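Worksheet: the structure to be examined is printed underneath.
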Amino acid sequence: MLKEYIEAIKTFSEQNIPFTIKGAPVELWYIVWIFIFGGVVLGGAMLFAGLASFAERRFAGFFQCRLGPNRVGPEGFFQFIADGIKLVLKEDLIPAAADKMLFRAAPYVVFIGTLGVFAALPFSKSLGITNLNLGLLYIFAISSLVIVGIIMAGWGSGNKWSLLGGMRSAAQIISYEIPIGVVFLTMIMITSTMNMQEIVNQQGGGLVNWLVFRYPPFTLFAFLIYFIAAMAEVNRTPFDLPEAESELVGGFHTEYSGMRFAFFFMAEYANMFVVSAIATVLFLGGWQSPLPFFILNIFGDYSILAIIEGFGWFITKVLFLVFLMMWLRWTLPRYRVDQLMAVCWKVLLPLSFANLLLIGIWMIL
Amino acid sequence: MSEIIYNTIFYIFVALVIGSAVIVAFSRNIVHSAFALLVTFFGVAGIYVFLGADFLAIAQVVIYVGGILVLILFAVMLTSKITDVKLSNPQTSPYIAGPLVFLIFVGLVWLIMTTPWQVKGTLDIGGISAIGEALLGRYLLAFEVSAVLLLGALLGATYLARKSQ
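Written out as structure tokens, the structure reads:
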């Protein structure tokens, strides 16, 4: 599979890139492309994190009847740039009690786990970094790095609160991964593929063909289970116990400052984008239009315009789900630890298994 | 040229696996050992990709990184004296262990050299349906036995963890 992929990249490069030298080794192009894609994804994720942090604080202001940041630029729009400059210029503090190597490595591990998912996301029709046959499983696998990074940060900080936050996070994520896995299984059963592009392709032809409406109301339940569990996976309120500031100061990132803190911060927002994107692909039709056709398809279904429109739909749906997460964060209070575990093991898990079983029965009938 | 690049990437993975495995074995700090295990697991997954076994590579990451490694870390951090973790891998009786390990090493190398390996080139497993059919068809017995084993472990853990009456 690696070889086929490299061949495809070579053909693509030779056809589309003006400076491609004919006969250069394919693997070299592969490596060059890895860096180009990596740069694009990193830039996009950082930009999204900045904009989302600004949007979150403004929304929080509206939800709580206060102003939020509104001084830098029009309506405070340049606040995130000011914050970014501040974080870059801050001193990088490493506590004396910290395990220096793990303390330094942790933000990168979290970031790799988050950005690795972008490699398998279908952004639009034939627009994506890879088109893996096992895309969904790959996403499930690579995102488990985030847990390891959080534990690394919690332990490496040499601080009781950080350690407690890291352990809570590990217990929480590993528990909520099970309902998410079962929901993935349900969707794989319905679509009988793990290829993300293929899953989206099956949802073409308008709103009614989206998987969320496929076996009413069971896939809607699956969507709700996924969304609740995903909020717990990305440590958002009402599930933000790993960084519960009233109990644990700042949880696993208490001791981090400057750019290292910024890494965690950006990883959290990029993670929100990732889980919303997965929900969009699995349930809300990915880049498919809610209408039975693309508006901009006058030049054919595979023209650049249609691809751009698909990208627009995808981003719109993802941003809506991200907004929903922000809305919930500023509306709901935080759970207790035991309530959190009860919700996962006594409610979500049995429901997701029942859902799987019922959809299976429906599919056989 | 492409051979050189393939070999370079392969040997980078091999170096990652062996280097991190050495840290796992010789580190004096059990948490460092556990985190070095992360690199080992990823390196092994990379070698699986080189063999064309994509499913196996991803399953390796799901099970070993997402499950077992996190549980190991969790168990280490739940130990009562977390402050003792800094020096938690003491060396005991190296004069007995050293020759024993050497013997096992020689035995393994001898086994690797003398086994007639079947080289089939890259194996093409196909889609998930082929894997499913293999698991529930030809390898059903192994699949069920491992399922029973896991169930037994689960019940045993619950029995040990419950409060004695």
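Line by line, the protein sequences are chains S and U.
If you want this note's numbering, it's the position in the first sequence, counting the first as 1, plus 365.
If you want this note's numbering, it's the position in the second sequence, counting the first as 1, plus 942.
Beta carbons are placed, not taken as given, at the ideal position from N, Cα and C, and that holds for glycine.
Because the structure is a prediction, the values reported are computed rather than measured.
Keeping to the same chain, check which residues put their C-beta closer than 8 Å to that of phenylalanine 442 of chain S; ignore five residues upstream and five downstream.
Counting only residues of its own chain and dropping the five nearest sequence neighbours on each side, phenylalanine 442 of chain S has a CB closer than 8 Å to the CB of Phe419.
Quick one: which chain S residues come within Cβ less than 9 Å of valine 1051 of chain U?
Taking a Cβ-Cβ threshold of 9 Å, none of the residues of chain S is close to valine 1051 of chain U; the smallest such distance is about 29 Å.
Would a check of beta-carbon distances place leucine 705 of chain S closer than 7 Å to chain U?
Judged by the 7 Å Cβ criterion, leucine 705 of chain S is not in contact with chain U.
Report the three-state DSSP secondary structure of leucine 467 of chain S (helix, strand or coil).
In the three-state reduction of the DSSP assignment, leucine 467 of chain S falls in the helix class.
Excluding the five sequence neighbours on either side, which residues of its own chain have a C-beta within less than 6 Å of the C-beta of serine 540 of chain S, listed in chain order?
So the list reads Cys709, once near-sequence residues are dropped.
Excluding sequence positions up to five away, which residues of its chain have a Cβ less than 6 Å from the Cβ of arginine 423 of chain S?
Only residues of its own chain outside the window of five on either side were considered, and among them Gly433 have a CB closer than 6 Å to the CB of arginine 423 of chain S, listed in chain order.
Looking at the C-beta of tyrosine 503 of chain S, does it have a partner C-beta in chain U at a distance below 7 Å?
Tyrosine 503 of chain S counts as touching chain U.
Whole-angstrom distance between leucine 670 of chain S and leucine 501 of chain S, CA atom to CA atom:
Answer to the nearest angstrom: the Cα atoms are 27 Å apart.
Can you give me the Cβ contacts of aspartate 605 of chain S inside the same chain, cut-off strictly under 7 Å, excluding the 5 residues immediately before and after it?
Same-chain partners within the cutoff: Arg699.
Touching or not, the segment 511-530 of chain S and the segment 618-634 of chain S, by the rule of three or more beta carbon pairs under 8 Å?
Using a Cβ-Cβ distance cut-off of 8 Å, the segment 511-530 of chain S and the segment 618-634 of chain S are in contact, since at least three pairs of beta carbons, one from each stretch, lie closer than that value.
How do the segment 543-551 of chain S and the segment 1035-1043 of chain U stand: do at least 3 beta-carbon pairs fall below 8 Å, yes or no?
Contact check between the segment 543-551 of chain S and the segment 1035-1043 of chain U: fewer than three CB pairs, one atom from each, fall below 8 Å, which does not count as touching.
Neighbourhood of phenylalanine 384 of chain S by C-beta, 7 Å cutoff - its chain only, sequence neighbours within 5 removed:
Unreliable positioning characterises phenylalanine 384 of chain S in this predicted model, as indicated by a pLDDT of 47, which lies under 50. The coordinate reading is nonetheless provided below. Taking C-beta separations shorter than 7 Å and ignoring five residues to either side along the sequence, phenylalanine 384 of chain S has no partners in its chain.
Roughly how many angstroms separate the alpha carbons of glycine 438 of chain S and glutamine 444 of chain S, rounded to a whole number?
About 7 Å.
Is DSSP giving leucine 1020 of chain U helix, strand or coil here?
Helix.
Checking contacts by CB at 7 Å: is methionine 554 of chain S closer than that to chain U?
It does not: the Cβ of methionine 554 of chain S has no partner Cβ on chain U nearer than 7 Å.
Alpha-carbon spacing of isoleucine 459 of chain S relative to phenylalanine 476 of chain S, whole angstroms:
Isoleucine 459 of chain S and phenylalanine 476 of chain S have their C-alpha atoms roughly 19 Å apart.
Any C-beta of chain B sitting closer than 7 Å to the C-beta of phenylalanine 1016 of chain U?
The structure shown has no chain B; the protein chains it does contain are S and U.
Given this structure, state the Cα-to-Cα distance separating alanine 1084 of chain U from phenylalanine 468 of chain S, to the nearest angstrom.
Answer to the nearest angstrom: the Cα atoms are 42 Å apart.
Runs of 4 residues minimum, wholly inside the segment 409-491 of chain S: which ones carry the alpha helix (DSSP H) assignment?
Given a length threshold of 4 residues, each whole run of the alpha helix (DSSP H) inside the segment 409-491 of chain S is given here in chain order: 444-454 and 465-483.
Between the CA atoms of asparagine 560 of chain S and alanine 506 of chain S - distance to the nearest angstrom
Taken atom to atom, the span from the alpha-carbon of alanine 506 of chain S to that of asparagine 560 of chain S is near 15 Å.
Does glycine 1008 of chain U come within less than 7 Å of chain S when only Cβ atoms are used?
It does; some Cβ of chain S falls within 7 Å.
Residues of the segment 976-1002 of chain U with Cβ closer than 7 Å to any Cβ of chain S, in chain order
Listed in sequence order: Phe977, Leu980, Val991, Gly994, Asp996, Phe997 and Ile1000.
Whose CA, out of S:Phe428, S:Leu705, S:Asn720 and S:Leu407, lies closest to the CA of tryptophan 695 of chain S?
Check the Cα spacing between tryptophan 695 of chain S and each of S:Phe428, S:Leu705, S:Asn720 and S:Leu407: the tightest is with S:Phe428.
Could you tell me which of S:Phe648, S:Thr645, S:Ile590 and S:Tyr580 sits nearest to isoleucine 724 of chain S, measuring between CA atoms?
Closest option to isoleucine 724 of chain S, Cα to Cα, is S:Tyr580.
Selection from S:Ala627, S:Ala463, S:Ile450 and S:Gly493 that minimises the alpha carbon distance to valine 405 of chain S
When each option's Cα is compared against that of valine 405 of chain S, the closest is S:Gly493.
Do alanine 587 of chain S and valine 548 of chain S have their C-beta atoms closer together than 7 Å?
Yes, these two residues count as a Cβ contact at 7 Å.
DSSP state of lysine 1105 of chain U, grouped into three classes?
Three-state DSSP puts lysine 1105 of chain U in coil, outside helix and strand.
Run down chain S in chain order and give the residues with a C-beta less than 7 Å from the C-beta of leucine 1011 of chain U.
Result: Val513.
Shorter than 7 Å from the beta carbon of valine 973 of chain U to some beta carbon of chain S?
It does; some Cβ of chain S falls within 7 Å.
Valine 1004 of chain U touches chain S at which residues, Cβ-Cβ below 8 Å?
Contact annotation for valine 1004 of chain U against chain S: Leu502, Phe505, Ala506 and Ser509 [CB-CB distance below 8 Å, chain order].
Using a Cβ-Cβ cut-off of 6 Å (strictly less than) and excluding sequence neighbours within five positions of isoleucine 512 of chain S, which residues of its own chain qualify?
Scanning its chain for C-beta atoms nearer than 6 Å, with the 5 sequence neighbours on each side dropped, one finds around isoleucine 512 of chain S the residues Ala535 and Ile538, in chain order.
The alpha helix (DSSP H) enclosing proline 1041 of chain U, as first and last residue numbers
First-last of the alpha helix (DSSP H) with proline 1041 of chain U: 1036-1056.
For the 8 Å Cβ check, are there 3 or more pairs between the segment 1051-1059 of chain U and the segment 551-559 of chain S?
In the pairwise beta carbon analysis, the segment 1051-1059 of chain U is classified as not touching the segment 551-559 of chain S: fewer than three pairs are separated by under 8 Å.
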